[in-house]
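S.K.:
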Amino acid sequence: MKNILVTGGNGQLGQSLQNLANAYPQFNLLFTDYQDLDITDAEALAAYFSARQIDACINCAAYTAVDKAEGDEDNAFLLNFQAVLSLAEICAQHNAQLLHVSTDYVFSGKQNVPYTEKDDTDPDSIYGASKVRGEAAAIGYNPDTIVIRTSWLYSEYAVNFAKRMQELMREKQELNVVFDQAGTPTYAGDLAKVILDILQYKAVNPDAALGGIYHYSNEGVTSWFDFAVAIKEMTGATTAVYPVTSDKYKTLAKRPAYSVLNKEKIKSTFGITIPYWRDSLAKCLKNK
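Mapping to UniProt numbering: the sequence shown position 103 is 103, numbers consecutive.
1. So, using beta-carbon positions, are Leu-199 and Phe-27 closer together than 9 Å?
2. Cutting at 8 Å between CB atoms, please list the residues of its own chain near Tyr-141, excluding the five before and the five after it.
3. Whole angstroms is fine: what's the gap from Met-1's alpha carbon to Ser-223's?
4. Using the three-state DSSP reduction, which class does Ser-223 fall into: helix, strand or coil?
5. So if DSSP puts Gln-97 in a beta bridge, which residue, or which two residues, is it bridged to?
6. Does the contact criterion of 3 or more C-beta pairs under 8 Å hold for the segment 53–64 versus the segment 125–137?
7. Tell me which same chain residues have a C-beta within less than 8 Å of the C-beta of Ala-230, skipping the five on either side of it?
8. Run the CB neighbour count on Leu-99, radius 10 Å, all protein chains shown included, and call it buried at 16 or more, exposed below.
9. Report the rounded CA-to-CA distance for Phe-49 versus Leu-17, giving the unit in angstroms.
10. From Lys-202 to Thr-150, what does the alpha carbon distance come to, in whole angstroms?
11. Could you give the residue range of the beta strand (DSSP E) that holds Arg-149?
12. If you pair each beta-carbon of the segment 179–195 with each one of the segment 36–43, do three or more pairs fall below 8 Å?
13. Within the continuous beta strand (DSSP E) that includes Ile-4, where are the two ends?
14. Assuming contact is defined by CB atoms lying nearer than 9 Å, are Val-177 and Phe-227 in contact in what I supplied?
15. Going by beta carbon distance, what residues of the same chain come within less than 7 Å of Leu-29, once the five residues before and after it are set aside?
16. Over what stretch of residues does the alpha helix (DSSP H) that includes Glu-43 continue unbroken?
17. On the DSSP letters alone, give me the boundaries of the beta strand (DSSP E) that Val-244 sits inside.
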């Protein structure tokens, strides 16, 4: 049985991994959050790895308060860059596979075709810039690191767009939602399964050179407005949902106008099939 450290275990991806743990009996998933293990503390990381035989680490921990990061740059880079570098170093020292989760915010959103892993990063926010640095640090120090960029993550857990829309639709008669930002929602349950399948693939093919960046989201393209309308339809809510442009909804951090990810690399490398976003949304809403 392989010991898999999961950081950020109380977040929505961490909880989605917890939900799947019994389906992967070959893995002993060790879930931690900042109360248990402060990944910004290199000495704490070294002590944790020394006390256990860690075979892989899934880094779900991140500074994800996108707007807050604009005024809190030091802490955003501490968690999204320095801590990731420390994880890459400790994983390399212990011959443990590092799988690090990143984001579509590494792109500016100025192009109009799906982003591939080879496209240049060009973040327009502190959050995005900190995630770019984390990716580069992890792969630069430890080329075996697997980075998975994802987008518009939601689930039954923690705080996310799908849960917030359901709350607002119970409270309000009308909602305005931006329609000029295009991307793809990603159900955390689907991403969690792919992560565990990749680690399973690596366990069966230990000599395979898999390090690098991969993109994963559900299939399809939509807007935040259409995402909200789908939630309304699937839950039977009666709230009126209206489309508005981004300039009517001011935020501190600039969001990518287009952040659709090309998933051909991850599909061809690991032989996976990716569900359509509406199908996964329906599954999530039934699980609430």
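C-beta: ideal position from N, C-alpha, C; glycine also.
M.R.: So, from the data block:
1. yes
2. So the qualifying residues of the chain are Leu-85, Ala-88, Glu-89 and Ala-92.
3. 42 Å
4. strand
5. Among the bridge pairs identified by DSSP, Gln-97 is matched with Ala-56.
6. Put simply, the segment 53–64 touches the segment 125–137. At least three CB pairs are less than 8 Å apart.
7. Thr-222, Arg-278 and Leu-281
8. buried
9. Approximately 20 Å, taken between the alpha carbons.
10. 20 Å
11. Here the beta strand (DSSP E) through Arg-149 covers 146–150.
12. no
13. 2–7 is the extent of the beta strand (DSSP E) around Ile-4.
14. yes
15. Ile-4, Val-6, Leu-17 and Ala-21
16. 42–51
17. 240–244
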